[in-house]
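Chemist: Quick one: structure below, then a few questions.
Numbering (the UniProt record's numbering), first residue to last: 1 to 138.
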């Protein structure tokens, strides 16, 4: 199997710092999904990714189902803005957090392939992502 660099599949490349990866069960997916949570320093905002589709073999980049490519900069960590967004995102999308998969992402392990259960009810919850722009640093 030939593996293309993640950049070749998408032009959107977002650099996440102070990031973690979580496995959650989203009501509209047939299997648990992995999501990145971190801080986009270039945009000065917290970010929750859409479900991940692929992780680079070195664990330094990941591509979401929507095509965004995330460069994972520095060691994993916790950002206070990202933690607040993550809590709000969980409530909004009624997800169940199953486990922290940060070490799996760093090891280059791959997330499961997902399918929507009910496309008519999916709406924005079908492939949830979120961000908070312009958050001040405390």
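Beta carbons: idealized from backbone N, C-alpha and C, even for Gly.
Take every Cβ of the segment 56-68, pair it with every Cβ of the segment 78-95, and state whether three or more of those distances are shorter than 8 Å.
Modeler: The segment 56-68 is not in contact with the segment 78-95.
Chemist: Could you round the C-beta distance between residue 60 and residue 72 to whole angstroms and report it? I think they count as a contact, below 8 Å.
Modeler: That belief holds up - the Cβ atoms of residue 60 and residue 72 are roughly 5 Å apart, short of 8 Å.
Chemist: From the DSSP output, read off the bridge partner residues of residue 35.
Modeler: 22.
Chemist: State the Cα-Cα distance for the pair residue 211 and residue 50, rounded to the nearest angstrom.
Modeler: In the structure displayed, the chain extends from 1 to 138; residue 211 sits before or after that span and is not available.
Chemist: Write down every uninterrupted run of the beta strand (DSSP E) in the segment 69-103 whose length is 3 residues or greater and which is fully enclosed by it, in chain order.
Modeler: Qualifying beta strand (DSSP E) stretches, in chain order: 69-72 and 96-100.
Chemist: Less than 7 Å between C-beta atoms, sequence neighbours within five positions excluded: which residues of the same chain meet that for residue 17?
Modeler: Answer for residue 17: 38, 39, 41, 73 and 74, listed in chain order.
Chemist: Thinking C-alpha only, which one of 104, 20 and 13 is nearest residue 76?
Modeler: Here the closest residue by C-alpha is 20.
Chemist: I need the straight-line Cα distance from residue 105 to residue 99, nearest angstrom please.
Modeler: If you take the alpha carbons of residue 105 and residue 99, they lie about 13 Å apart.
Chemist: For residue 14, name the three-state secondary structure that DSSP assigns.
Modeler: Correct three-state label for residue 14: strand.
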